[in-house]
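Written below as structure tokens is the structure these notes are about.
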Amino acid sequence: MKLNERSLAFYATCDSPADNAGFLYKRGERHTAYHRRWFVLKGNMLFYFEERESREPVGVIVLEGCTVELCDSAEEFTFAIRFGGAKSRTYVLAAESQAAMESWVKSLSRASFDYLRLVVRELEKQLEEMRWGPAGGCGGFRQSPGSWKPKPSGPERSPERLPALPAVLPKENGCAVWNNVPGVDRLPDASGCGRHDGEGNPRPPPLPPRRWASSSEAGSAGAAAAESPSIFCRLHERYGQEVARLRQDWLDRRRGPQ
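With full-length UniProt numbering, the residue at position 236 of the sequence shown is 236, and numbering never jumps.
Pasting the structure below:
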């Protein structure tokens, strides 16, 4: 991968927010002495400067294909960035405190695109489980998104398989009764989940239980029925008199003074 020095320097010093920043002690590649450097983590790139006010970074570490782990060293709070391969360099760094070391190890471990790819896959898996999880109802099933197909709007069965209905359905209490269709005798489904019979035909909805009126309700209904004619007669007589009076006034105005 080719990196442009000017672009890297601009990216390292621009105003974009950093994932982590602070002083770390970096061990030299040839000499084992530690040098205090200012580190800035942006994305999967770890920049380090000689001073905090430096305008250009001294170097950059691309955090891909590496592991971040603690290591034993004479210095305290040390950790290493190791790359795969026999000739790959290992960067040994030391923090100023235990909290700073833990913060840097956590940030550096989550900086690579490989880690982000794993996070995205896990989130997609959780979303798929939430979207295509076990369905409620009768014996819920789990269906993958690839096997899902839209249901056709029209009926798929031939009309010859549908039961023939009579011209006039028998009625009970003024409502058509499906269970009384001649030639169709079906037992209600005890599970309450079946919507089709053995041949795949749709089953009619069950009838609601018949409700019998209690003696108190029957008495109140009878009293209301007995009172309704008298109330109607009184209202009819009152409004009839008012209409007759208005009509007489209109006739008198039409005839004029005599």
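We put the CB at the ideal spot given by N, CA and C, even for glycine. Since the structure is predicted, the reported quantities are computational estimates derived from the model, not experimental observations.
Discussion item. What does the alpha-carbon distance come out to for the pair SER191 and ARG121?
Written reply: In this prediction, SER191 has a pLDDT of 46, which is less than 50 and means its spatial position is unreliable; nothing more can be read from the coordinates.
Discussion item. Applying the 10 Å Cβ sphere with the 16-neighbour rule, what's the burial state of ARG254?
Written reply: In summary, ARG254 is exposed, with fewer than 16 beta-carbon neighbours lying within 10 Å of its beta-carbon over all protein chains present.
Worksheet item: Nearest-angstrom Cα distance between LYS87 and THR32?
Response: 18 Å
Worksheet entry | Sequence-distant residues of its chain with Cβ nearer than 6 Å to ALA111 (five each side left out) | ASN44, LEU63
Worksheet entry | Boundaries (first-last residue) of the alpha helix (DSSP H) holding LEU118 | Segment 113–131, the alpha helix (DSSP H) holding LEU118.
Discussion item. With three or more C-beta pairs closer than 8 Å as the rule, is the region 10–17 touching the region 81–99?
Written reply: no
Fill in: Top-ranked residue by Cα proximity to HIS35, from LEU251, ARG131, ALA94, PHE232
ALA94
Practice prompt. Look up PHE232 in the DSSP assignment and say whether it is helix, strand or coil.
Written response: helix
Discussion item. Run through the DSSP bridge pairs and tell me what VAL68 is partnered with.
Written reply: Under DSSP, VAL68 shares a beta bridge with ILE81.
Discussion item. Which residue wins for smallest C-alpha separation from GLY65, given the options ARG82, GLU76, GLY133?
Written reply: ARG82
Item to complete: Taking LEU127 and LEU46 to be in contact with their CB atoms under 8 Å, please state how far apart those CB atoms are, rounded to whole angstroms.
Response: With a Cβ gap of about 32 Å, LEU127 and LEU46 do not count as contacting.
Item to complete: Measure the beta-carbon distance from VAL68 to PHE77 and round it to whole angstroms, keeping in mind my assumption that it falls under 8 Å.
Response: PHE77 and VAL68 do not touch by the CB rule: their CB atoms are close to 14 Å apart, not below 8 Å.
Worksheet item: Is it buried or exposed for PHE113, if we count other Cβ within 10 angstroms and need 16 for buried?
Response: exposed
Worksheet item: Under a three-way DSSP split, which group does LYS87 fall into?
Response: coil
Worksheet entry | Cut-off 7 Å between Cβ atoms - residues of its own chain near GLU160, not counting five sequence neighbours on either side | At GLU160 the pLDDT is 47, less than 50, meaning the model places this residue with poor confidence and gives no usable figure here.
Worksheet item: What's the gap between the Cα of LEU116 and the Cα of ALA21?
Response: Their backbone Cα atoms lie some 20 Å apart in a straight line.
Worksheet item: What does a CB cutoff of less than 6 Å around ASP72 pick up in its chain, not counting 5 residues either side in sequence?
Response: none
Worksheet item: ARG37 and GLU50 look like a contact to me (Cβ under 8 Å); what is the Cβ gap, rounded to whole Å?
Response: Yes, they are in contact, since the Cβ atoms of ARG37 and GLU50 sit about 7 Å apart, within 8 Å.
Worksheet item: What is the residue span of the alpha helix (DSSP H) that LEU8 lies within?
Response: 5–13
Discussion item. By the three-class DSSP mapping on this structure, what secondary structure does VAL243 have?
Written reply: helix
Fill in: Rounded straight-line distance, which links the Cα of GLY256 to that of GLY240
Taking the Cα positions, GLY240 is about 25 Å away from GLY256.
Worksheet entry | CA nearest to the CA of PHE10, picked from ARG27, VAL40, VAL243, ILE231 | VAL40
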